[in-house]
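**Q** Please find one structure pasted underneath; my questions will follow.
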Amino acid sequence: MASEEAIETGVEREDLIDWPKKDKHRFLHAVYRVGDLDRTIKFYTECFGMKLLRKRDVPEEKYSNAFLGFGPEESNFAVELTYNYGVDKYDIGTGFGHFAIASEDVYKLVEDIRSKGGKITREPGPVKGGSTVIAFAQDPDGYIFELIQRGPTPEPLCQVMLRVGDLDRSIQFYEKACGMKLLRKSDNAAYKYTIAMLGYADEYETTVLELTYNYDVKEYTKGNAYAQVAISTEDVYKSAQAIDLVTKELGGKITRQPGPLPGINTKITSFLDPDGWKVVLVDNSDFLKELEK
Ligand SMILES: N[C@@H](CCC(=O)N[C@@H](CS)C(=O)NCC(=O)O)C(=O)O
1 MASEEAIETG
11 VEREDLIDWP
21 KKDKHRFLHA
31 VYRVGDLDRT
41 IKFYTECFGM
51 KLLRKRDVPE
61 EKYSNAFLGF
71 GPEESNFAVE
81 LTYNYGVDKY
91 DIGTGFGHFA
101 IASEDVYKLV
111 EDIRSKGGKI
121 TREPGPVKGG
131 STVIAFAQDP
141 DGYIFELIQR
151 GPTPEPLCQV
161 MLRVGDLDRS
171 IQFYEKACGM
181 KLLRKSDNAA
191 YKYTIAMLGY
201 ADEYETTVLE
211 LTYNYDVKEY
221 TKGNAYAQVA
231 ISTEDVYKSA
241 QAIDLVTKEL
251 GGKITRQPGP
261 LPGINTKITS
271 FLDPDGWKVV
281 LVDNSDFLKE
291 LEK
């Protein structure tokens with residue numbers, strides 16, 4: 001009897017370990033806080049060419065959201081801005097890196113941003129130690145947007161960059177907990193950093209998570225501005241069990257047990273990665289229903 005139980009548990013465990021790779025995932029949106037929703041909507045639509053996709057006000061909880069991006073949320077990544085009533089300033093911390101926008105002409109984009117009063121913090125030109133043309137713009141709350149020159153793409157909102165203290169541990173975590181693929185890892189010894197691109201498809205076609213390790217830097221501050229990235233799943237319950245196993249091996253923890261959100265009924269689960277970066281998994285069909293409303 002005891003051995004039968006052990007075999008059954010072993011099978012279940014194998015099934016859970018395999019689940020994140022079998023699950024159907026997609027990056028849905030990055031969630032962060034801003035001090036003035038209209039100011040950011042104006043900046044992103046005028047300077048970056050994003051579209052305002054939807055807005056909602058939740059007065060019971062004293063916050064509003066605005067979703068912006070380059071295409072419909074059914075197929076494209078979006079930013080979910082959160083405005084908390086009465087809070088006009090946040091601390092971005094040192095760990096959050098940037099969001100990125102791909103453009104066919106970064107020089108022209110920079111000119112346009114400048115002419116609309118936007119702030120450029122790094123002039124366009126080849127990335128240090130490489131050839132890709134990049135620039136950095138800063139939004140009204142201080143969030144950095146890397147502008148990356150590349151050919152036409154179905155997903156211009158192409159990266160969320162976060163800094164981590166142990167790159168291999170993070171790669172393993174996102175592979176095992178979220179079923180991501182390591183798309184590229186590149187070391188830039190001259191500038192003392194290594195990056196890893198993780199995601200679900202080609203980095204030029206979809207949004208990816210870019211993790212940066214700066215040599216010898218193990219910890220960063222998180223501030224209170226950037227919140228999380230949301231990823232779709234077919235089964236929040238099974239995902240949470242799988243993630244729980246991974247956190248026992250690599251660190252991190254489940255912060256919200258799987259289940260429907262009060263009021264909107266969308267099933268979610270959320271967790272922290274080993275560096276404390278938050279991820280929320282959202283039931284895919286509930287999410288699509290939410291968009292229909
Ligand atoms: N120390 C940097 C390491 C990452 C990094 O340097 N990334 C490249 C882009 S992949 C960059 O920002 N280069 C700056 C430049 O070329 O001016 C950080 O933590 O942001």
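According to the UniProt record's numbering, the residues represented by the sequence shown are 1 to 293, in order. The C-beta atom is built at its ideal place from N, Cα and C for all residues, glycine as well. Since the structure is predicted, the reported quantities are computational estimates derived from the model, not experimental observations.
#1: Between G97 and ligand 1, is there a pair consisting of the residue's CB and a ligand heavy atom that are separated by less than 7 Å?
#2: Look at the alpha carbon of I134 and the alpha carbon of I101, and state the distance between them as a whole number of angstroms.
#3: What separation, rounded to the nearest whole angstrom, lies between the Cα atoms of V127 and P262?
#4: Would the C-beta of residue 297 count as close to ligand 1, meaning under 7 Å from any of its heavy atoms?
#5: Check F146 in the structure and name its three-state DSSP category.
#6: Taking the alpha-carbon positions, what's the N224 to K278 distance?
#7: Taking its Cβ as the centre, do 16 or more other Cβ atoms sit within 10 Å of N284, making it buried, or is it exposed?
#8: Look at Y191 and G129 and say whether their C-beta atoms are less than 8 Å apart.
#9: Is it true that the CB of R150 sits closer than 8 Å to the CB of Y204?
#10: Note the first and the last residue of the continuous alpha helix (DSSP H) segment covering A189.
#11: Short check: CB of Y237 to CB of H25, under 8 Å?
#12: Output needed for G95: all residues of its chain with C-beta closer than 6 Å, excluding positions within five of it in sequence on either side, in chain order.
#13: For A2, is the classification buried or exposed, using 16 other Cβ atoms within 10 angstroms of its Cβ as the cut-off for buried?
#14: Sort P156, D244, T153 and I113 by Cα distance to F136 and report the nearest one.
#15: Look at V229 and L198 and say whether their C-beta atoms are less than 8 Å apart.
#16: Along the chain, where does the beta strand (DSSP E) containing S270 start, and where does it finish?
#17: Hey, would you say L183 sits closer than 8 Å to I171, going by beta carbons?
#18: How far does the alpha helix (DSSP H) with R114 in it reach, from first residue to last?
#19: Could you pull out every unbroken beta strand (DSSP E) segment of at least 3 residues lying fully inside the UniProt domain "VOC" (156–284), listed in chain order?
#20: May I ask you to report which of helix, strand or coil DSSP gives P72?
#21: Can you find a heavy atom of ligand 1 that lies under 7 Å from the Cβ of T207?
#22: Which residues bound the beta strand (DSSP E) around I92?
#23: Taking 7 Å as the cut-off, is the CB of R163 close to at least one heavy atom of ligand 1?
#24: Out of R122, F77, T206 and L211, point me to the one whose CA is closest to T194's CA.
#25: Using DSSP bridges, identify the partner residues of Y83.
#26: Less than 8 Å between the CB atoms is what I'm expecting for L245 and L16, so what's the real figure, rounded?
#27: Going along the chain, which residues of its own chain have a beta-carbon closer than 7 Å to the beta-carbon of T269, five neighbours each way excluded?
**A** This is what the structure gives:
#1: Judged by the Cβ position, G97 qualifies as a neighbour of ligand 1 at the 7 Å threshold, a heavy atom of the ligand being closer than this.
#2: One Cα belongs to I134, the other to I101, and the distance between them is close to 10 Å.
#3: Distance between the alpha carbons of V127 and P262 is about 46 Å.
#4: The first residue shown for the chain is 1 and the last is 293, placing residue 297 beyond what the model contains.
#5: Checking the sequence, you will find Glu at residue 146 rather than Phe. E146: strand per DSSP, three-state reduction.
#6: Counting only the Cα atoms, K278 lies some 12 Å from N224.
#7: N284 counts as buried, since no fewer than 16 other beta carbons sit within 10 angstroms of its beta carbon.
#8: A contact, by the Cβ cut-off of 8 Å.
#9: In this structure, Y204 places its C-beta atom within 8 Å of the C-beta atom of R150.
#10: Note, A189: premise wrong, no alpha helix (DSSP H); not H, not E.
#11: Taking 8 Å as the Cβ cut-off, Y237 and H25 do not qualify as a contacting pair.
#12: Within the same chain, G95 has close Cβ partners R163, Y220 and K222.
#13: Reliability of the predicted coordinates at A2 is poor, the pLDDT of 46 falling under 50, and the value obtained from them is presented with this limitation in mind. Classification for A2: exposed.
#14: Taking the Cα of F136 as reference, the smallest distance to any Cα among P156, D244, T153 and I113 is reached at I113.
#15: No, the Cβ-Cβ distance between V229 and L198 is not below 8 Å.
#16: Start and end: K267 to L272.
#17: It is not a contact, given that the beta carbons lie outside the stated cut-off.
#18: R114 -> alpha helix (DSSP H) spans V106 to S115.
#19: The UniProt domain "VOC" (156–284) contains these whole beta strand (DSSP E) runs: 157–163, 181–188, 193–199, 208–214, 226–233, 253–260, 267–272 and 278–283.
#20: The answer is coil: DSSP assigns P72 none of H, G, I, E or B.
#21: No.
#22: Looking at the DSSP string, I92 is not in any beta strand (DSSP E), and its letter there is neither H nor E.
#23: Remark: the C-beta of R163 is in contact range of ligand 1, defined as less than 7 Å to any heavy atom.
#24: The residue among R122, F77, T206 and L211 with its C-alpha nearest the C-alpha of T194 is L211.
#25: Answer is S64.
#26: The C-beta distance from L245 to L16 rounds to 6 Å, short enough to fall under 8 Å.
#27: Hits under 7 Å: V236, S239, A240, I254, R256, Q257, P258 and L281.
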